[in-house]
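In the numbering used here, the protein residues as written are 2 to 579.
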């Protein structure tokens, strides 16, 4: 449990008491206790474990008992649950809307019988809220605005949206005087495919400096709340960002804590206790003497626990602590290891730039090669390659290769696996390409047996080198189609074919778990940006993020091979030799 969890718990009790119109004294007691917990310079859970909760100003025996129960039940409270049951059903939920406190929630219920957020939205749209004394047109409009923002905040963002957003905020925050460090935490730092909250840690001695500076930053639209430890604001495009303000002396401990995952942190805390320490967001301290052993850097903390520093992408309690303990953490692949992109499009199908523009963008990234994989013709909306178009494009690539040497453009195709299982080109035409990646875009609603058969059939074709975005998912928009992943991996291993990790921000497919499963079966992974524009080549870093979460090294990935090694696949080798 974090201090802010306890603060929220106490504030919820105070709000519930106010909704029940209990005595002002009781309400104020819980609010005061919440304020003192928020201002603590230590971990409230540590005080609970030491039996010292009543040493917190404003926390008497009764409130201490409720906090202890909150810890004992993992964040539940029979007392708070009972209070909420005594309030008209749904009214407590109205407090989640910024600007609505207990008094307004009670008024909305008494006058309009509003008991849910959808009912609140409907009342505001029908201009009924303004009829309540003290709630005019402006408040009514603010309700609709805040409900819209809440809906946006409750939607998980693709990493490809959240990561650049965090970087823009980081760049702005770094310009604030006295800010010692700023770093994204949580799911962004662990590079999960989707992100719930955009959390940034800021190392600074004076929170007021940051708060005052935010008013002058172009990226900040509105500060929603501010305090000594946390500032929440909306960006100019209405995304919510939470700044966690920490003392530079505790930077490493706070970064470790707020990066997570929860499961990883729990196991680290258990390891600390076994060694006579307590680990929290303020540092690693001795149980006996309270002396701080490490706090300033993550590396110091891991070292004090007898571990190598663990990359954030691995912090999911999936064997990384055991591997660090045994000195067996993999040397994860990095973007610098990539020598080329294996999946990109041009104006010969649905791309937005010429082959030359895509190639020059790849050169600017330091690549030695790029595979232009324009769609084949079955996916009609892409105006893809026919035999004739493929021949004409091949001549253009040959001419560009003379101009751009030693850089090499590979003549590739994203080959459609039709709903019937047939492929768009016959073997004679497929043999002319340097690289063939097979994909499913049509017939996505077929049953598992049929789609699995289509995928396995494409893998078995001697000219297909990789299976692109194997699950067919679109993040937040379309789930994977029904297929047998284990059977597809087994088929790829049998034929020495690669499975793609597609870095397109709305795909990120395969996911990390599936990529790790494929690697365990001996299957090589092919990283592709699926770029349709020169800037889209930057999505390679999202493919790298998945590869790192899958524990992959550069030896596990085809893109780290030289051009000569890569083309050996064309000659029939099961996998390129290092």
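Virtual Cβ for every residue (Gly too), placed ideally from N, Cα, C.
These numbers were taken from a predicted model, which means no experiment stands behind them.
Please check the pair residue i and residue j, which I expect to be a contact at CB under 8 Å, by giving their CB distance rounded to whole angstroms.
{"i": "residue 78", "j": "residue 72", "result": "So it is not a contact: roughly 10 Å between Cβ atoms."}
{"i": "residue 302", "j": "residue 309", "result": "Actually they do not touch by this definition, with Cβ atoms about 12 Å apart."}
{"i": "residue 380", "j": "residue 430", "result": "Not quite, the Cβ-Cβ distance comes to about 17 Å (not below 8 Å), so this is no contact."}
{"i": "residue 468", "j": "residue 476", "result": "Not quite, the Cβ-Cβ distance comes to about 19 Å (not below 8 Å), so this is no contact."}
{"i": "residue 260", "j": "residue 316", "result": "6 Å"}
{"i": "residue 55", "j": "residue 69", "result": "Contact doesn't hold; Cβ gap of about 10 Å is too wide."}
{"i": "residue 183", "j": "residue 160", "result": "With 8 Å as the limit, residue 183 and residue 160 do not qualify as a contact, their Cβ atoms being about 19 Å apart."}
{"i": "residue 422", "j": "residue 454", "result": "6 Å"}
{"i": "residue 306", "j": "residue 269", "result": "7 Å"}
{"i": "residue 553", "j": "residue 333", "result": "7 Å"}
{"i": "residue 117", "j": "residue 94", "result": "6 Å"}
{"i": "residue 501", "j": "residue 464", "result": "The Cβ separation is near 16 Å, so there is no contact."}
{"i": "residue 99", "j": "residue 225", "result": "6 Å"}
{"i": "residue 166", "j": "residue 203", "result": "16 Å between Cβ atoms; not a contact."}
{"i": "residue 338", "j": "residue 538", "result": "Not a contact, Cβ separation roughly 16 Å."}
Exposed or buried, which one is residue i when buried takes at least 16 other CB atoms within 10 Å?
{"i": "residue 575", "result": "Only weak support exists for where residue 575 lies, its pLDDT of 49 falling under 50; the value from the coordinates is given anyway. Residue 575 comes out exposed."}
{"i": "residue 512", "result": "buried"}
{"i": "residue 263", "result": "exposed"}
{"i": "residue 578", "result": "Low confidence applies here, because residue 578 scores a pLDDT of 39, under 50, leaving its location unreliable and the question unanswered by this model."}
{"i": "residue 312", "result": "buried"}
{"i": "residue 562", "result": "buried"}
{"i": "residue 427", "result": "exposed"}
{"i": "residue 382", "result": "exposed"}
{"i": "residue 493", "result": "buried"}
{"i": "residue 448", "result": "exposed"}
{"i": "residue 410", "result": "buried"}
{"i": "residue 236", "result": "buried"}
{"i": "residue 76", "result": "exposed"}
{"i": "residue 304", "result": "exposed"}
{"i": "residue 314", "result": "buried"}
{"i": "residue 274", "result": "exposed"}
{"i": "residue 287", "result": "exposed"}
{"i": "residue 187", "result": "buried"}
{"i": "residue 189", "result": "buried"}
{"i": "residue 20", "result": "buried"}
{"i": "residue 31", "result": "buried"}
{"i": "residue 4", "result": "buried"}
{"i": "residue 536", "result": "exposed"}
{"i": "residue 26", "result": "exposed"}
{"i": "residue 238", "result": "exposed"}
{"i": "residue 178", "result": "exposed"}
{"i": "residue 320", "result": "exposed"}
Looking at the unbroken beta strand (DSSP E) that takes in residue i, where does it start and where does it end?
{"i": "residue 250", "result": "First-last for residue 250: undefined, no H or E at that position."}
{"i": "residue 413", "result": "409-417"}
{"i": "residue 440", "result": "436-440"}
{"i": "residue 499", "result": "499-503"}
{"i": "residue 342", "result": "341-345"}
{"i": "residue 200", "result": "199-204"}
When you measure from the CB of residue i to every non-hydrogen atom of the ligand SAH, does any distance come out below 7 Å?
{"i": "residue 26", "result": "No copy of the ligand SAH appears in this structure; indeed no ligand is present at all."}
Which residue marks the beginning of the alpha helix (DSSP H) containing residue i, and which one marks its end?
{"i": "residue 520", "result": "513-521"}
{"i": "residue 496", "result": "486-496"}
{"i": "residue 460", "result": "449-461"}
{"i": "residue 326", "result": "321-326"}
{"i": "residue 70", "result": "62-73"}
{"i": "residue 81", "result": "79-86"}
{"i": "residue 532", "result": "Note, residue 532: premise wrong, no alpha helix (DSSP H); not H, not E."}
{"i": "residue 431", "result": "428-431"}
- Message: For the structure I just gave you, are there three or more beta carbon pairs, one from the region 212-222 and one from the region 166-175, closer than 8 Å?
- Response: In this structure the region 212-222 touches the region 166-175; the number of beta carbon pairs closer than 8 Å is three or more.
- Item | Runs of alpha helix (DSSP H) lying entirely within the region 17-44, each at least 4 residues, in chain order | Fully enclosed alpha helix (DSSP H) runs of no fewer than 4 residues occupy 25-39 of the region 17-44, in order along the chain.
- Spell out a yes or no on whether the region 269-285 and the region 235-254 are touching, meaning 3 or more CB-CB pairs, one atom from each, closer than 8 Å. Yes, they touch.
- Task: Spell out a yes or no on whether the region 84-95 and the region 31-49 are touching, meaning 3 or more CB-CB pairs, one atom from each, closer than 8 Å.
- Result: Verdict: no, contact absent.
- Query: Touching or not, the region 348-359 and the region 375-393, by the rule of three or more beta carbon pairs under 8 Å?
  - Reply: Counting Cβ pairs under 8 Å, three or more are found: they touch.
- Message: Which runs of the alpha helix (DSSP H) at least 4 residues long sit entirely within the region 535-563? Give them in chain order.
- Response: Every unbroken stretch of the alpha helix (DSSP H) spanning 4 or more residues and falling wholly within the region 535-563 is given here in chain order: 541-550.
- Item | beta strand (DSSP E) runs contained entirely in the region 206-236, provided each spans 3 or more residues | Runs of the beta strand (DSSP E) inside the region 206-236: 221-227 and 231-236.
- Task: Evaluate the contact criterion for the region 357-365 versus the region 504-522: three or more CB pairs, one atom per stretch, below 8 Å.
- Result: Too few Cβ pairs lie closer than 8 Å, so no.
- Task: Would you list, in sequence order, the uninterrupted alpha helix (DSSP H) runs of no fewer than 4 residues that lie entirely inside the region 95-136?
- Result: Positions of the alpha helix (DSSP H) runs, each at least 4 residues long and wholly inside the region 95-136, are given as 103-113 and 118-126 in order along the chain.
- Message: For the structure I just gave you, are there three or more beta carbon pairs, one from the region 471-491 and one from the region 436-451, closer than 8 Å?
- Response: Yes, the region 471-491 touches the region 436-451.
- Item | alpha helix (DSSP H) runs contained entirely in the region 140-195, provided each spans 4 or more residues | Correct list: 160-175 and 187-191.
- Can you check the region 272-317 for any alpha helix (DSSP H) of at least 4 residues that lies completely inside it and give the ranges in chain order? Runs of the alpha helix (DSSP H) inside the region 272-317: 299-305.
- Is the region 523-533 touching the region 543-563 in the sense that three or more CB pairs, one from each, lie closer than 8 Å? By the C-beta criterion, the region 543-563 is judged to be in contact with the region 523-533, since at least 3 inter-stretch pairs fall below 8 Å.
- Query: What are the start and end residues of each continuous alpha helix (DSSP H) run of 4 or more residues lying completely inside the region 359-395, in chain order?
  - Reply: Fully enclosed alpha helix (DSSP H) runs of 4 or longer: not present.
- Message: Can you confirm whether the region 96-115 touches the region 133-143 when touching is taken to mean that 3 or more C-beta pairs between the two stretches lie within less than 8 Å?
- Response: Judged by Cβ distances under 8 Å, the region 133-143 makes contact with the region 96-115, as three or more pairs qualify.
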